[in-house]
Each structure stands twice: as C-alpha cells, then as structure tokens.
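Asker: Below is a structure I'd like to ask you about.
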Amino acid sequence: MTNQLFDKVAFIGLGLIGSSLALRIKQQGLAGSTSGFSRRLETRQRIAELGLVDSVVDSIADCVKDADFILVCTPVGTYADLAKELAPHVKAGAILSDVGSVKKSVIDAFRPALPETVHLVPGHPIAGTEHSGPDAGFAELFEDRWCILTPEDGCAPEAVEKVTQLWQACGSMVEIMDAEHHDRVLAITSHLPHIIAYTIVGTATGLEESTQEEVIKYSASGFRDFTRIAASDPVMWRDIFLHNKDAVLEMLQRYSEDLTALQRAIRHGQGDVLEEHFTKTRAIRRSIIDAKQAGQFSPTEASDEDRPDWLSIY
Ligand code: NAP
264 MTNQLFDKVA FIGLGLIGSS LALRIKQQGL AGSTSGFSRR LETRQRIAEL
314 GLVDSVVDSI ADCVKDADFI LVCTPVGTYA DLAKELAPHV KAGAILSDVG
364 SVKKSVIDAF RPALPETVHL VPGHPIAGTE HSGPDAGFAE LFEDRWCILT
414 PEDGCAPEAV EKVTQLWQAC GSMVEIMDAE HHDRVLAITS HLPHIIAYTI
464 VGTATGLEES TQEEVIKYSA SGFRDFTRIA ASDPVMWRDI FLHNKDAVLE
514 MLQRYSEDLT ALQRAIRHGQ GDVLEEHFTK TRAIRRSIID AKQAGQFSPT
564 EASDEDRPDW LSIY
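FYI, the numbering for the sequence shown is 264 to 577, going by this note's numbering.
Right, here's the structure in full:
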C-alpha cells in the first residue's frame, strides 16, 4: 500500500524544521519526488550532501515548478519577498503551506500575491530545538507534538485534509485554529518565555566580570535553562517578535503587572501570597506532564541528560 500524498513536494528553506520534514516525508514515502531551495549556495550544497531532497535547485522558480505541495520553512520575515518571487511559478490547484511561528502575517504576506487557484493552508508545528540549519533536522521531531493549521475562511476542505494527513504521517496531532487566535496563544506559551529568557541572559551578561564568572559557575541553579532558550536562532526570533507585535506587547503588559504584584509580596513579606502563587504554577507543570507535552530530546544529543524538558515550546 502506498503512503504517497503528493506527486512533488517543494521545500523553500531546509533548516531545522524543513530538513526534519524532508527526512520524515522521505522515510514515510509521502511524496513522489522532492525538491529544495535555500538562499545560500553553501547551504544548498550541504542539503545535497545530506541527501535531504531528490533535487537541490538554484532558483525558487525551478523548486516550485510542477509541485502540488509547497512548504515554506524560512524565517517569517522572508515571506513577503518569497511570496512575490514564487507566486508566478506555482501551478494551479497546488497547496502552499508553511511552518512559521506566527500565522496572521503569513496570510497577509502570501494571499495577495498568490493566484486564487492556489490553496493556502498555513501551519505551525509546536516542536523544535534551539539548533538551526540542515544538519539539525531529525525525522522524529514532530512525534507526539501538536501541529496547528490556520486555513483561511473558504479554503477547500480537501486541501486542509491533505495537509492534516501529512502532519499525522509525521507523527503529529493536528488542530485547526483561526490565525489571530493562534498568535495570541503562542504569544503567551512561546513568545513571552523567549523574550524573558533573552532578557535574563542579557541582564547577566551586563553584570561586572567577577559576578559573571559566578553566573556561569552556578548556572545549574536555574539560569542554565534560560540560556538554552536564549540560544535560539536570532533571526528567527527577531522576525517572530516583529510579526506578532500586538499580541506579544499585550502579554508583556500582563506579565509586568503580575511581576509587580510578586515584587510587592516580597517587599511586604507576604509569604502566603508567594506560596499560593507557586502552588498554582506547580499544578500547571503537573498538567503539562500529564498531557505528555513535557519533554523532547534530539537523538543527536541523547547523552545530554541536562536538557530541560520545557525547552521545546515553539
Ligand atoms: P533554520 O534552522 O534557521 O532554517 C531556516 C533556513 O531557511 C536556513 O537554513 C536558511 O538557509 C533558509 N533561508 C533563510 N532565508 C531564506 C530565503 N529568503 N530563501 C530561502 N531560504 C532561506 O530555521 P528553522 O528553525 O527551521 O525555522 C524555520 C521556520 O520554522 C521559522 O519560520 C520558524 O518560525 C518556524 N519554527 C521554528 C521552530 C524551531 O524550533 N526552530 C519551531 C516551529 C516553527 P540559508 O543558509 O540558505 O540562508
């Protein structure tokens, strides 16, 4: 029995997410053939060396030509230019999807450029590591993780069903959501934790030299976990914050109000307030473990027993 869902899958960008998908699609036989394009020549050469796709091509036009499924796996800030470049070459009836961490801006970038005959089914796998590039990928990345799809109103149900089947074949559970709702949910579950991690690590870097050495020495007391998140790709995260500005600013406002309340409790010695708060947060941790969404490890780092299990929230 054949697992094939598409005749030709075209990948634009094969970093962590794109290469993981390419490996899984190949492993499961989900595509008749695959093509791949990346911006830099050395990356294209590496993709070819790793054998991630059947053909690595030098232009977007060649990559998407005759493809019935196009997967954009680049930072979201590239989308507006990519949309203009690829739109004239996409065949009628093709499905275009992506893996970007922000969803409303994807529709805003692609819809005006694409012909009406192209189905736009944006997606976001809630899976990842802090590693980047084609070498970082592994076929199991999406196993038991959620993938959120945000098709536009009126999108052909067959197109949504096909993309759903693809993600299920990658081991994911699929949820359909409105793009704006997605952006608000991810602002609190992913984007806010990242901006906090970037801030804490930045604050520590700003300390004078002698204290800095101790920050590194005693990092296992909590700081280390933040440094892993703050090691995430700078370009990707720059684009996420710029493209989910309103939701991130709203969550930051709420966060700073809550932080002020805890500050006040510490100042006034209100131990009961602190304890009650920490008890509630501990229960949230318990429910994440119960939902089996607590841990994810790259097989390439199997020996790294220190990996925090709350790292992989994207
Ligand atoms: P990544 O590892 O940095 O890979 C992105 C790849 O895109 C790079 O290899 C880069 O290759 C290529 N690229 C950049 N600009 C390009 C352009 N204009 N045209 C063609 N190729 C281009 O990033 P990633 O982690 O896979 O993330 C990709 C997308 O997935 C992002 O939108 C991100 O928000 C989303 N996402 C990431 C995670 C995560 O954990 N990392 C999780 C879920 C979703 P070159 O060397 O050729 O520039």
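Glycine is no exception: its CB is placed at the ideal position from the N, C-alpha and C atoms.
Bear in mind that the values here come from a model prediction, so they are computed numbers and not experimental data.
Let me confirm a value: Gly417 is counted as buried when at least 16 other C-beta atoms fall within 10 Å, else exposed. Which label applies?
Answerer: By the 10 Å Cβ count, Gly417 comes out exposed.
Asker: Is the closest heavy atom of the ligand NAP to the C-beta of Thr540 under 7 Å?
Answerer: Position check: residue 540 holds His in this sequence, whereas Thr was assumed. No.
Asker: What number of angstroms, rounded off, separates the C-alpha of Thr452 from the C-alpha of Val335?
Answerer: 23 Å
Asker: Please confirm whether Ile370 and Leu383 have their CB atoms less than 8 Å apart.
Answerer: yes
Asker: Could you tell me the distance, in whole angstroms, from the CA atom of His352 to the CA atom of Thr380?
Answerer: 12 Å
Asker: Looking at C-alpha atoms only, which residue of Ile310, Ser368, Ala524, Gln290 is the closest neighbour of Lys508?
Answerer: Check the Cα spacing between Lys508 and each of Ile310, Ser368, Ala524, Gln290: the tightest is with Ser368.
Asker: Spell out the partners DSSP gives Ser296 in its beta bridges.
Answerer: Lys271, per the DSSP bridge assignment.
Asker: Along the chain, which unbroken stretches of the alpha helix (DSSP H) at least 4 residues long are found entirely within the segment 490-538?
Answerer: 497-506, 508-530
Asker: Along the chain, where does the beta strand (DSSP E) containing Gly465 start, and where does it finish?
Answerer: Going by DSSP, Gly465 is part of no beta strand (DSSP E) but of the alpha helix (DSSP H) stretching over 455-468.
Asker: Should His387 be counted as a contact of the ligand NAP given a C-beta to heavy atom distance under 7 Å?
Answerer: yes
Asker: Based on DSSP bridge pairs, tell me the residues matched to Cys410.
Answerer: Pro388, Val437
Asker: Who are Asp361's beta bridge partners in DSSP?
Answerer: Answer is Val335, bridged to Asp361.
Asker: Roughly how many angstroms lie between the CA atoms of Val365 and Arg501, to the nearest whole one?
Answerer: 12 Å
Asker: Can you tell which of Phe401, Val327, Arg374, Pro338 has the C-alpha that lies nearest to the C-alpha of Gly314?
Answerer: Ranking Phe401, Val327, Arg374, Pro338 by Cα distance to Gly314 puts Phe401 first.
Asker: Can you find the residues in the same chain that come closer than 6 Å, C-beta to C-beta, to Ala399, ignoring five residues on each side of it along the sequence?
Answerer: Leu279
Asker: Would you mind giving the Cβ-Cβ distance between Ala376 and Lys354, rounded to the nearest angstrom? I have them listed as a contact below 8 Å.
Answerer: 15 Å between Cβ atoms; not a contact.
Asker: Compute the beta-carbon to beta-carbon distance between His454 and Phe504, rounded to the nearest angstrom, for a pair I have assumed lies under 8 Å.
Answerer: 7 Å
Asker: Taking just the CA atoms, how far does His387 sit from Ile323?
Answerer: 22 Å
Asker: In the DSSP output, which residue or residues are listed as bridge partners for His382?
Answerer: Bridge partners of His382: Ile358.
Asker: Helix, strand or coil, according to DSSP, for Val478 in the structure here?
Answerer: helix
Asker: Can you give me the Cβ contacts of Ala422 inside the same chain, cut-off strictly under 6 Å, excluding the 5 residues immediately before and after it?
Answerer: Ile358, His382, Val384
Asker: Among residues of its own chain, excluding the 5 on either side of Ile411, which ones have a beta-carbon nearer than 6 Å to its beta-carbon?
Answerer: Counting only Cβ-Cβ distances below 6 Å, and skipping sequence neighbours, we find His387, Glu438, Met440, His445.
Asker: Using only alpha-carbon positions, find the residue among Val498, Glu406, Gln475 that is nearest to Ala557.
Answerer: Glu406
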